[in-house]
Each structure stands twice: as C-alpha cells, then as structure tokens.
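Each residue of the sequence shown is one higher than the last, beginning at 2 in this note's numbering. Idealized CB from N, CA, C, for every residue including glycine.
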Amino acid sequence: MIGGGIIGLISRPCFLIAFCIFFSDFNKASAQTFEEESDFINYLFSLKEYEEASFFAESLSKKYTGVSRLDSINFLLGKTSYEMKNVENSLTSFLKVTSNSSFYTQSQFFAGFQLAYLGKLDTARTVFDHF
C-alpha cells in the first residue's frame, strides 16, 4: 500500500497504471501541459504522498529544460524532500531555484532554515541576507 487517503486504498501497481493513463496522451492532439502535470504533483503533495510527488517531479525534471519550469520543479522537489526529512536533497533543490523565480524567496527561506538546522550558521546568515 502507498499510504493514507484515497491513494492508500489501491496498490502501488494500480496507482502507477493510473499515473501512466493520467500522463499519457493516447494519440490526442495535445499532450499534458506542464501546469497540469505540476498540479498533479501538488495534488499528491496535498495528500501527503511525498514519495510519489517526488518521483513525478523527478520525471518532469527530465522532460522540461526551461529555467522557469526547472525552478518550479526544483521548488516542488525541495518541498517533497523537506517533508520526507531528506534535508540534503531538499537543500540542494531549494538552492537551485533562480532569483528570477516567484519561488525564490520561499526557496531561500527554506534553504536558510535547513542550513541553520545543519549548524552551517554563517552560510545560513548569507542566504538570509540575500533575499
């Protein structure tokens, strides 16, 4: 079983099949948009299905290359890693968000917070001073 909520009621293989159906376009005229895909990841996040959200965000990072989309993906990866208590991965993802992103301030806050947690106070202070 995957966890609590609706997704916890179905097995992992069934969930993955549902995901494949959700993300495939089955010869439709247009494929899923980035916004729809990131909305699905946010939906998983709201269900506290962090491992699945992280898996799908990783798959988006291989699919999209634009800076603004990568900023969104890195923010999503940072959030999911943070919730899974994976401080190093979360910190790395948050620090990849560029200063032009609407997620920059939040990313820098979480990065500074995690640096302080790791005892890297000087680096945390530098991060907090620059946003």
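#### Entry: Contact under 8 angstroms by Cβ, Ser60 with Leu71
Against the sequence shown, residue 60 aligns to sequence position 59. Against the sequence shown, residue 71 aligns to sequence position 70. No Cβ-Cβ contact shorter than 8 angstroms links Ser60 with Leu71.
### Message
Looking only at its chain, what residues have a beta carbon closer than 6 angstroms to the beta carbon of Ala112, apart from the 5 residues adjacent to it on each side?
### Response
Numbered from its first residue, the sequence shown carries residue 112 at position 111. Contacts found: Leu92, Phe95, Leu96 and Val128.
### Query
Are there 16 or more other CB atoms within 10 angstroms of the CB of Thr99, so buried, or fewer, so exposed?
Taking the first residue of the sequence shown as position 1, residue 99 is located at position 98. Answer is exposed; the Cβ neighbour count stays below 16.
### Query
Shortest alpha-carbon distance to Ser39 belongs to which of Arg126, Leu77 and Tyr51?
The sequence position of residue 39 within the sequence shown is 38, counting from 1. When Arg126, Leu77 and Tyr51 are compared, the shortest CA-CA separation from Ser39 is found for Leu77.
### Query
How many Å lie between Met85 and Ala54 at the Cα?
As a first step, residue 85 is located in the sequence shown; it is residue number 84 there, counting from the start. As a first step, residue 54 is located in the sequence shown; it is residue number 53 there, counting from the start. The straight-line gap separating the alpha-carbon atoms of Met85 and Ala54 is approximately 11 angstroms.
### Query
How many angstroms separate the CA atom of His65 from the CA atom of Lys121?
Reading the sequence shown from its first residue, position 64 is the one you call residue 65. Reading the sequence shown from its first residue, position 120 is the one you call residue 121. The question names His, but residue 65 is Tyr in the sequence shown. Rounded to whole angstroms, Tyr65 and Lys121 show a C-alpha spacing of 32 angstroms.
### Query
Taking DSSP as the reference, what is the three-state secondary structure of Thr127?
Within the sequence shown, residue 127 is the residue found at index 126, counting from 1. In this structure, Thr127 counts as helix in the three-state DSSP scheme.
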